[in-house]
Amino acid sequence: PGQGMGDLRTLELLLICAGHPQYEVVEISFNFWYRLGEHLYKINDAALHTIFRPYIQRLLHCLARHCQLDPDHEGIPEDTDDFGEFRMRVSDLVKDVIFLVGSMECFSQLYATLKEGNPSWEVTEAVLFIMAAIAKSVDPENNPTLAEVLQQVVLLPETVHIAVRFTSIELVGEMSEVVDRNPRFLDPVLNYLMKGLREQPLASAAAKSIHNICSVCRDHMAQHFQGLLDIARALDTFALSTEAAVGLLKGTALVLARLPLEKIAECLSDLCAVQVLALKKLLSEESTNGKSADPTVWLDRLAVIFRHTNPIVENGQTHPCQKVIQEIWPVLSDTLNTHQADNRIVERCCRCLRFAVRCVGKGSANLLQPLVTQMVSVYQVYPHSCFLYLGSILVDEYGMEEGCRQGLLDMLQALCMPTFQLLEMQNGLRNHPDTVDDLFRLATRFVQRSPVTLLSSSIIVHIIQCAVAAASLDHRDANCSVMKFMRDLIHTGVSNDHEEDFELRKQLIGQAMGQHGQQLITQLMTSCCFCLPPYTLPDVAEVLWEVMLFDRPTFCRWLENALKALPKETSGGAVTVTHKQLTDFHKQPEVHTGLININTPEFTCTLTNTPEFTCTLTNTPEFTCTLINTPEFTCTLINTPEFTYTLTNTPEFTCTLINTPEFTCTLTNTPEFTCTLTNTPEFTCTLTNTPEFTCTLINTPEFTCTLINTPEFTYTLTNTPEFTYTLTNTPEFTCTLTNTPEFTCTLINTPEFTCTLTNTPEFTCTLTNTPEFTCTLINTPEFTYTLTNTPEFTCTLINTPEFTYTLTNTPEFTCTLTNTPEFTCTLINT
Numbered sequence: 001p002g003q004g005m006g007d008l009r010t011l012e013l014l015l016i017c018a019g020h021p022q023y024e025v026v027e028i029s030f031n032f033w034y035r036l037g038e039h040l041y042k043i044n045d046a047a048l049h050t051i052f053r054p055y056i057q058r059l060l061h062c063l064a065r066h067c068q069l070d071p072d073h074e075g076i077p078e079d080t081d082d083f084g085e086f087r088m089r090v091s092d093l094v095k096d097v098i099f100l101v102g103s104m105e106c107f108s109q110l111y112a113t114l115k116e117g118n119p120s121w122e123v124t125e126a127v128l129f130i131m132a133a134i135a136k137s138v139d140p141e142n143n144p145t146l147a148e149v150l151q152q153v154v155l156l157p158e159t160v161h162i163a164v165r166f167t168s169i170e171l172v173g174e175m176s177e178v179v180d181r182n183p184r185f186l187d188p189v190l191n192y193l194m195k196g197l198r199e200q201p202l203a204s205a206a207a208k209s210i211h212n213i214c215s216v217c218r219d220h221m222a223q224h225f226q227g228l229l230d231i232a233r234a235l236d237t238f239a240l241s242t243e244a245a246v247g248l249l250k251g252t253a254l255v256l257a258r259l260p261l262e263k264i265a266e267c268l269s270d271l272c273a274v275q276v277l278a279l280k281k282l283l284s285e286e287s288t289n290g291k292s293a294d295p296t297v298w299l300d301r302l303a304v305i306f307r308h309t310n311p312i313v314e315n316g317q318t319h320p321c322q323k324v325i326q327e328i329w330p331v332l333s334d335t336l337n338t339h340q341a342d343n344r345i346v347e348r349c350c351r352c353l354r355f356a357v358r359c360v361g362k363g364s365a366n367l368l369q370p371l372v373t374q375m376v377s378v379y380q381v382y383p384h385s386c387f388l389y390l391g392s393i394l395v396d397e398y399g400m401e402e403g404c405r406q407g408l409l410d411m412l413q414a415l416c417m418p419t420f421q422l423l424e425m426q427n428g429l430r431n432h433p434d435t436v437d438d439l440f441r442l443a444t445r446f447v448q449r450s451p452v453t454l455l456s457s458s459i460i461v462h463i464i465q466c467a468v469a470a471a472s473l474d475h476r477d478a479n480c481s482v483m484k485f486m487r488d489l490i491h492t493g494v495s496n497d498h499e500e501d502f503e504l505r506k507q508l509i510g511q512a513m514g515q516h517g518q519q520l521i522t523q524l525m526t527s528c529c530f531c532l533p534p535y536t537l538p539d540v541a542e543v544l545w546e547v548m549l550f551d552r553p554t555f556c557r558w559l560e561n562a563l564k565a566l567p568k569e570t571s572g573g574a575v576t577v578t579h580k581q582l583t584d585f586h587k588q589p590e591v592h593t594g595l596i597n598i599n600t601p602e603f604t605c606t607l608t609n610t611p612e613f614t615c616t617l618t619n620t621p622e623f624t625c626t627l628i629n630t631p632e633f634t635c636t637l638i639n640t641p642e643f644t645y646t647l648t649n650t651p652e653f654t655c656t657l658i659n660t661p662e663f664t665c666t667l668t669n670t671p672e673f674t675c676t677l678t679n680t681p682e683f684t685c686t687l688t689n690t691p692e693f694t695c696t697l698i699n700t701p702e703f704t705c706t707l708i709n710t711p712e713f714t715y716t717l718t719n720t721p722e723f724t725y726t727l728t729n730t731p732e733f734t735c736t737l738t739n740t741p742e743f744t745c746t747l748i749n750t751p752e753f754t755c756t757l758t759n760t761p762e763f764t765c766t767l768t769n770t771p772e773f774t775c776t777l778i779n780t781p782e783f784t785y786t787l788t789n790t791p792e793f794t795c796t797l798i799n800t801p802e803f804t805y806t807l808t809n810t811p812e813f814t815c816t817l818t819n820t821p822e823f824t825c826t827l828i829n830t
């Protein structure tokens with residue numbers, strides 16, 4: 001700022017726009033202020049914040065003025081006209097830039113403008129509106145200003161302008177955390193909101209605020225549940241929008257879940273009774289006069305109750321909602337039968353049943369048989385895709401129950417037949433993307449919960465054929481579901497999750513891929529080139545990756561055939577791709593994905609439980625290590641005495657050959673070794689041009705590595721001053737000089753060196769003047785790390801200047817961490 005193109009006078013010009021009397025002029029500049037706030041938030045530089053703070057303060061002052069209603073305005077503020085939409089954008093902008101000014105400081109200043117003078121109603125309303133925008137970002141802990149504001153707002157008389165009351169009700173809802181920390185305000189706040197609930201213009205705003213209070217103050221609101229139940233019973237006597245009514249029921253359900261278990265069943269029954277009676281009335285009226293009434297309002301209300309009634313139930317306890325849902329099921333079943341031809345109503349029924357099943361989990365087992373029977377029966381006549389979605393929920397809940405698997409498989413087969421008929425029609429896939437999406441969501445759930453059950457059935461062949469056909473579908477959600485199914489299906493034969501059925505899964509996947517693998521790869525390559533938009537390609541890449549992991553040589557053969565099948569000329573005779581380009585593309589996975597000589601004396605990188613050349617650390621929050629051509633990690637061997645270890649295309653760092661600005665990591669048979677990570681906010685690691693090894697990681701929250709003669713810690717191997725390794729100031733552990741409670745590491749003026757982590761049950765590490773080196777991680781559930789005299793691991797200091805780290809059972813250099821889910825890494829003859 002203030003230099004070159006960063007001329008701060010630009011902000012002065014924008015603030016002139018903000019001062020224009022027409023709000024449309026300042027609105028033009030909103031995108032700039034959004035981007036500026038986002039950029040400054042990411043940089044998080046206090047000095048920069050100080051520079052821009054006065055400009056943001058002036059902007060907020062202008063915005064508060066622009067939000068004022070006309071003095072002759074009657075009624076509540078509109079939120080659907082142009083000015084209402086402008087105020088909503090102002091609210092969003094204020095939330096995005098308030099961190100530069102300080103939420104508490106701004107909130108206090110706004111409140112001061114109301115206290116000091118006697119502002120007009122439109123000024124008061126605009127100030128309350130801005131305060132409501134920032135209320136949630138103010139720390140409510142021990143904040144007297146917030147408590148004072150809340151106290152004054154609930155004392156507003158009914159004679160003030162109704163717009164002021166409307167905005168004050170919204171402010172109270174935004175201050176629900178203040179109420180939670182100051183329960184003494186709960187009763188006056190509820191009384192204030194109830195007054196608004198009874199007035200038609202204020203009812204929806206009051207209902208929304210009551211919902212906010214219930215969501216945040218659940219425990220405190222438990223004593224007021226009877227009052228909430230009375231409101232729910234009389235819900236239609238208030239002038240509420242549909243959204244506000246559903247919100248009130250949501251808040252009531254959240255409080256219901258905090259009641260004692262023995263009270264929940266009765267209270268839930270009372271809460272659902274109004275909706276159930278309304279559905280029964282609609283069904284009886286229809287049977288009398290033949291006219292079909294719309295039950296969606298009541299179904300949506302039941303759905304929100306089931307969705308948010310989530311009491312804590314210990315193992316062995318009967319779910320308190322189970323009995324209520326069983327009682328309600330006949331009404332839902334009748335409603336579904338009555339309206340089975342109406343997709344909109346059937347979707348609402350399935351949504352309600354979905355949340356009912358989720359609410360009680362396996363406690364809904366008694367409903368499983370009649371529910372599945374009705375789903376299949378209706379689906380044969382009216383193939384609504386929502387039945388497939390509901391089926392996926394049932395598989396997710398019951399798929400791991402041995403007694404339910406066959407019944408669920410029968411359900412899948414019964415649902416698949418009409419689905420395939422629908423999708424096999426002309427343009428069936430394109431005309432029914434929701435069906436494709438829900439079908440493969442159901443199939444994916446089966447793969448996740450009971451893969452052998454699905455793979456052993458005859459239906460799997462047809463599902464895979466359908467997936468291959470749907471691979472070219474360019475609908476975002478449908479294509480994503482198809483690719484996720486194929487990825488998860490193949491992954492069951494790749495990932496050994498230590499379950500007994502892994503070999504069977506692998507065999508079944510091998511059979512399926514033997515039948516459909518070539519067709520799948522050809523379809524995927526063709527779709528990538530001619531059918532699919534770019535945003536779908538990462539999902540396709542994951543499928544290809546899993547196929548390659550499962551059977552790399554066969555995959556390369558399939559890929560070659562797929563590339564040969566691609567059209568090389570347009571219909572007009574123009575060349576689209578040359579043979580050399582296809583050949584070069586096909587060679588890339590052979591060179592860069594690990595298709596090199598493995599189990600050689602040069603390099604071995606092995607993932608436990610797989611015989612292939614693989615370097616993988618997966619499913620950890622730290623990193624993923626795979627082969628080349630992934631966005632995470634590249635591990636390769638070149639035909640020279642050097643070894644190149646490359647990490648490319650990650651947002652963290654890049655590791656390539658020497659002479660690149662990012663990272664160089666090379667091990668050669670010379671005294672030079674350079675390993676540098678530069679220009680990253682995380683760390684810098686340098687190994688430079690000396691026979692010694694120095695590794696420095698600086699200015700990171702993780703650790704620091706420095707040279708000798710520093711006040712930190714020096715860690716030396718082989719009794720030489722060359723090698724220094726330091727870990728300091730980390731949240732995990734601190735390695736300093738002696739006399740710290742966590743870690744004691746002592747360098748003594750004797751041939752002995754002792755480094756011991758003391759007073760922890762995890763770790764003891766000691767270097768002594770013996771030919772052995774012992775480092776043990778003991779009594780932890782993770783792993784045991786032992787050097788010397790164990791079958792796992794031996795590390796020896798021999799009588800040479802070098803350091804040899806040896807795994808027993810091999811004469812070569814081997815490093816192994818065993819019995820861990822993380823990895824096994826072996827380097828030989830380096």
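In terms of full-length UniProt numbering, the sequence shown has 107 at position 107, counting the first letter as 1, and numbering is strictly consecutive. Positions of the beta carbon are idealized from the N, C-alpha and C atoms, including for glycine. Bear in mind that the values here come from a model prediction, so they are computed numbers and not experimental data.
Practice item. Let me know the alpha helix (DSSP H) ranges lying completely inside the region 522-601, each 4 residues or longer, listed in chain order. Key: 537-550, 552-565 and 579-592
Review point. Are R348 and D396 closer than 8 Å when you measure CB to CB?
Key: Translated into the one-based positions of the sequence shown, residue 348 becomes position 348. Translated into the one-based positions of the sequence shown, residue 396 becomes position 396. Result no, Cβ atoms of R348 and D396 do not sit closer than 8 Å.
Practice item. Please report how far the alpha carbon of G84 lies from the alpha carbon of P77, in whole angstroms. Key: Taking the first residue of the sequence shown as 1, we reach residue 84 at position 84. Taking the first residue of the sequence shown as 1, we reach residue 77 at position 77. If you take the alpha carbons of G84 and P77, they lie about 7 Å apart.
Review point. For the alpha helix (DSSP H) that contains L202, what are its first and last residues?
Key: For the purposes of this step, residue 202 is identified with residue 202 of the sequence shown, where counting begins at 1. Here L202 belongs to no alpha helix (DSSP H), and DSSP marks it neither H nor E.
**Study point:** Option nearest Y111 by Cα separation, candidates I460, V25 and L128
**Key:** By 1-based counting over the sequence shown, the position of residue 111 is 111. Of the candidates I460, V25 and L128, the one whose C-alpha sits nearest the C-alpha of Y111 is L128.
**Study point:** Residue closest to Y389, alpha-carbon to alpha-carbon, out of G428, T444, A205 and F185
**Key:** One-based indexing of the sequence shown puts residue 389 at position 389. For the residues G428, T444, A205 and F185, the minimum Cα distance to Y389 belongs to T444.
Check your understanding: Should the region 40-54 be regarded as contacting the region 105-122, the criterion being three or more beta carbon pairs within less than 8 Å?
Key -> no
Review point. For S91, which of W329, A365 and E170 has the nearest alpha-carbon?
Key: In the sequence shown, counting from the first residue as 1, residue 91 sits at position 91. Out of W329, A365 and E170, E170 has the C-alpha closest to the C-alpha of S91.
Check your understanding: Can you round the beta-carbon distance between L582 and L563 to whole angstroms, since I take them to be within the 8 Å contact cut?
Key -> Taking the first residue of the sequence shown as 1, we reach residue 582 at position 582. Taking the first residue of the sequence shown as 1, we reach residue 563 at position 563. At roughly 5 Å, the Cβ-Cβ gap stays under 8 Å, so L582 and L563 are in contact.
Check your understanding: Quick one: what does DSSP say residue 919 is sitting in, helix, strand or coil?
Key -> No information on residue 919 is available, as it lies outside the stretch 1 to 830 that the chain covers here.
**Study point:** Close-in-space but distant-in-sequence residues of the same chain around G363 (CB under 6 Å, 5 per side omitted)
**Key:** Position 363 of the sequence shown, counting from 1, holds the residue named residue 363. Taken in chain order, the residues that qualify are H319 and Q322.
Exercise for review: Using alpha carbons as the reference points, say which of C359, F107 and S137 lies closest to V149.
Suggested key: Stepping through the sequence shown from its first residue, residue 149 is reached at position 149. Residue F107 is the option with its Cα nearest to V149.
Practice item. Taking 8 Å as the cut-off, decide whether the C-beta atoms of V164 and E199 are in contact. Key: As a first step, residue 164 must be located in the sequence shown, where it is residue number 164. As a first step, residue 199 must be located in the sequence shown, where it is residue number 199. No, these two residues do not count as a Cβ contact at 8 Å.
Review point. Just how far apart, CA to CA, sit L15 and L59?
Key: The count along the sequence shown starts at 1 and reaches residue 15 at position 15. The count along the sequence shown starts at 1 and reaches residue 59 at position 59. C-alpha separation (whole angstroms): 7 Å.
Review point. Within 10 angstroms of its Cβ, does M5 collect 16 or more other Cβ (buried), or is it exposed?
Key: In the sequence shown, the residue the question calls residue 5 occupies position 5. So M5 counts as exposed.
Point to revise | Length of the line joining the Cα atoms of residue 842 and Q57 | key: A question about residue 842 goes unanswered here, because the residues of the chain that appear run from 1 up to 830.
Point to revise | 6 Å Cβ shell around C404 - same chain, five flanking residues per side excluded | key: In the sequence shown, counting from the first residue as 1, residue 404 sits at position 404. Excluding positions up to five away in sequence, the list reads Y398.
**Study point:** 7 Å Cβ shell around L259 - same chain, five flanking residues per side excluded
**Key:** Taking the sequence shown and counting its residues from 1, the one referred to as residue 259 is at position 259. Result list for L259: A222, F225 and C267, in chain order.
Check your understanding: So, using beta-carbon positions, are Q448 and D488 closer together than 8 Å?
Key -> Here residue 448 corresponds to residue number 448 of the sequence shown, with the count starting at 1. Here residue 488 corresponds to residue number 488 of the sequence shown, with the count starting at 1. The answer is yes: Cβ separation under 8 Å.
Exercise for review: Using 10 angstroms around the beta-carbon of Q406, count the other beta-carbons present and answer buried if the total reaches 16, otherwise exposed.
Suggested key: Here residue 406 is taken as the residue at index 406 of the sequence shown, counted from 1. It counts as exposed.
Exercise for review: For I28, count neighbouring C-beta atoms within 10 Å of its own C-beta (all shown protein chains included) and say buried if the count is 16 or more, exposed if not.
Suggested key: Residue 28 sits at position 28 when you count from the first residue of the sequence shown. With fewer than 16 Cβ atoms within 10 Å of its Cβ, I28 is classed as exposed.
**Study point:** A18 versus D270: straight-line alpha-carbon distance, rounded
**Key:** Within the sequence shown, numbered from 1, the residue matching residue 18 stands at position 18. Within the sequence shown, numbered from 1, the residue matching residue 270 stands at position 270. A18 and D270: Cα-Cα distance of roughly 54 Å.
Review point. Taking the Cβ atom as the reference point for each residue, do D79 and E38 lie within a distance shorter than 8 Å?
Key: Your numbering for residue 79 matches position 79 in the sequence shown. Your numbering for residue 38 matches position 38 in the sequence shown. No. Outside cutoff.
Practice item. Could you say which of P1, W33 and P21 lies nearest to C67 if we only look at CA atoms? Key: Here residue 67 refers to the residue found at position 67 when the sequence shown is read from its first residue. Considering only alpha carbons, the answer is P21.
Exercise for review: Would you tell me roughly how many angstroms separate the C-alpha atoms of G227 and T373, rounded to the nearest one?
Suggested key: Here residue 227 is taken as the residue at index 227 of the sequence shown, counted from 1. Here residue 373 is taken as the residue at index 373 of the sequence shown, counted from 1. Roughly 40 Å separates the two Cα atoms.
Exercise for review: Run the CB neighbour count on S527, radius 10 Å, all protein chains shown included, and call it buried at 16 or more, exposed below.
Suggested key: If you number the sequence shown from 1, residue 527 lands on position 527. S527 is buried by the Cβ-count criterion.
Point to revise | Close beta carbons around E122, own chain, < 6 Å, minus the five adjacent residues each side | key: Residue numbering aside, residue 122 sits at position 122 when the sequence shown is read from its first letter. Hits under 6 Å: Q68, L69 and P71.
Point to revise | Close-in-space but distant-in-sequence residues of the same chain around F306 (CB under 6 Å, 5 per side omitted) | key: Here residue 306 corresponds to residue number 306 of the sequence shown, with the count starting at 1. Only F355, A356 and C359 meet the Cβ criterion.
Review point. Should C217 and S176 be called a contact, given that it needs their Cβ atoms to be closer than 8 Å?
Key: Here residue 217 refers to the residue found at position 217 of the sequence shown. Here residue 176 refers to the residue found at position 176 of the sequence shown. A contact, by the Cβ cut-off of 8 Å.
Point to revise | Through-space distance from P54 to E12, alpha-carbon basis | key: Numbered from 1 along the sequence shown, position 12 holds the residue referred to as residue 12. Numbered from 1 along the sequence shown, position 54 holds the residue referred to as residue 54. Straight-line Cα distance between these residues: approximately 11 Å.
Practice item. Output the boundary residues of the alpha helix (DSSP H) element that contains H161. Key: In the sequence shown, residue 161 corresponds to position 161, counting from 1. Note, H161: premise wrong, no alpha helix (DSSP H); not H, not E.
Practice item. Can you tell me which of R344, G102 and L240 puts its alpha carbon nearest to the alpha carbon of M131? Key: Along the sequence shown, read from residue 1 onward, the residue named residue 131 stands at position 131. Out of R344, G102 and L240, G102 has the C-alpha closest to the C-alpha of M131.
Practice item. List the whole-angstrom C-beta distance separating L283 from W298, where the pair is believed to meet the contact cut-off of C-beta under 8 Å. Key: Your numbering for residue 283 matches position 283 in the sequence shown. Your numbering for residue 298 matches position 298 in the sequence shown. About 11 Å; that fails the 8 Å criterion.
Check your understanding: Taking M194 as the reference, which of G173, L415 and D501 has the closest Cα?
Key -> Your numbering for residue 194 matches position 194 in the sequence shown. Residue G173 is the option with its Cα nearest to M194.
Exercise for review: Have a look at H579, C480 and H491 and flag the residue whose alpha-carbon is nearest the alpha-carbon of Y535.
Suggested key: Start at 1 with the first residue of the sequence shown, and residue 535 comes out as number 535. Ranking the options by Cα distance to Y535, first place goes to C480.
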